[in-house]
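Quick notes on the structure that follows.
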Amino acid sequence: MTKHQKRLSVPKSWPVERKTETFTVKADAGPHGEDGVPLVVLLRDVLGYVDSRKEARYALSEDAILINGDAINDEQRPIGMFDIVAFPGRGEYYRVFPDEGGRLALTEIDEESAQSRLGKIEGKQQVPGGDTQLTLHDGTNVLVDDDEYQANDSIVIDNDDKSIVAHFPYEEGALVTAVRGNHGGKIGEVDAIDVTPGSGSNRVGVSTDDGGFETVEEYVVVIDENFTGDDE
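Under our numbering, the first residue of the sequence shown carries the number 17, and numbering increases by one thereafter.
And the structure:
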């Protein structure tokens with residue numbers, strides 16, 4: 017397996033310039049699948065805190081960087097949508113949030129907001145013992161003992177004890193952000209959910225301040241006002 021990643025073939029969500037150099041860092045296996053951006057790319061290409069992988073490794077060895085509350089020691093660890101990137105020593109906290117076009121960007125937040133993260137429920141199944149297992153957009157599995165959660169809902173998970181601290185149902189009137197497609201980064205309220213017969217994707221109508229748009233429901237995530245970057 018190659019250790020290199022050509023810039024021209026990286027996912028559209030990666031915040032890197034594609035024509036400046038031939039290669040960039042390849043993400044290790046981990047959360048977010050192929051959409052995960054290597055941590056060193058955020059540190060070097062987005063924030064400018066390091067100039068090389070060697071400097072990134074040194075910073076990580078000092079436990080200076082936390083992802084979703086956990087110290088990370090792998091500079092190629094995939095980072096993706098709604099992850100919390102924290103620099104406690106600098107007093108800086110960021111949420112990975114889709115920007116215009118669905119490109120991942122870092123939104124600065126306060127320390128309190130950095131104590132939890134948002135997750136979209138993409139799967140739900142019963143497990144031995146009677147509990148329900150929720151699978152989130154980044155591959156995380158969460159066990160719950162009730163049946164109130166549905167696919168396409170969003171939950172907020174505490175970074176410390178991994179408990180669910182908030183639940184946002186996917187329904188008409190819900191605040192959502194588009195994370196992929198031509199409307200990536202746009203925020204609005206769900207007007208209508210058009211259920212498509214068969215195996216086709218359901219369509220979602222979203223109203224925004226400048227009109228509205230329609231997309232498939234896989235491309236939207238339920239949020240609340242605390243997840244729009246307007247934390248102040």
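Using N, Cα and C, we set each Cβ at its ideal position, and we do this for glycine too.
Predicted model only: the values in this text are computed from it and were never measured.
| Check | Outcome |
| --- | --- |
| Beta-bridge pairing of ALA121 - partner residues as DSSP gives them | PHE113 |
| The region 219-235 / the region 182-202 touching (three or more Cβ pairs under 8 Å) | yes |
| Coil, strand or helix - SER170 by DSSP | strand |
| Rounded straight-line distance, which links the Cα of ARG73 to that of PHE39 | Per-residue confidence for PHE39 stands at a pLDDT of 41, beneath the threshold of 50, marking its modelled position as unreliable; no derived number is given. |
| Proximity of ILE209 and THR193 at Cβ, strictly below 8 Å | no |
| Segment contact, 8 Å Cβ cut-off, at least three pairs: the region 122-138 with the region 148-168 | yes |
| ASP177 and GLN131 closer than 8 Å at C-beta | no |
| Residue from ARG111, MET97 and VAL158 whose Cα sits closest to the Cα of ILE180 | VAL158 |
| Alpha-carbon to alpha-carbon, ASP207 and GLY96 | 28 Å |
| Beta-carbon gap between GLU251 and ARG106 smaller than 8 Å | The chain is shown only over 17 to 248; residue 251 falls outside these bounds and no answer can be derived. |
| Inter-residue spacing [alpha-carbon to alpha-carbon] between SER170 and LEU59 | 28 Å |
| Residues near GLU78 by beta carbon distance below 7 Å, same chain, minus five either side | none |
| Beta carbon of ASP99 nearer than 8 Å to that of ASN84 | yes |
| Boundaries of the beta strand (DSSP E) in which LYS140 is found, first to last residue | 132-142 |
| Check whether TYR110 and GLU127 have beta carbons under 8 Å apart | no |
| Nearest neighbour of VAL236, chosen from ALA80, ALA167 and THR156 [CA to CA] | ALA167 |
| N-terminal and C-terminal residue of the alpha helix (DSSP H) that GLU71 is part of | 69-77 |
| Same chain, Cβ closer than 7 Å to GLY117, neighbours up to 5 away in sequence not counted | GLY200 and GLY201 |
| Per-residue burial, VAL56 [other beta carbons within 10 Å of its own, 16 or more giving buried] | buried |
| Of the listed residues GLY52, PRO185 and ASP174, nearest to VAL164 (C-alpha basis) | It should be noted that the sequence gives Glu, not Val, for residue 164. It is PRO185. |
| Sub-8 Å separation of PHE103 and ALA80 beta-carbons | yes |
| Beta-carbon proximity list for THR148, same chain, < 8 Å, skipping 5 on both sides | LYS140, GLN141, GLN142, LEU159, VAL160, ASP161, ASP162, ASP163 and TYR165 |
| Delimiting residues of the beta strand (DSSP E) encompassing GLN92 | It is not in any beta strand (DSSP E) - GLN92 carries neither H nor E in the DSSP assignment. |
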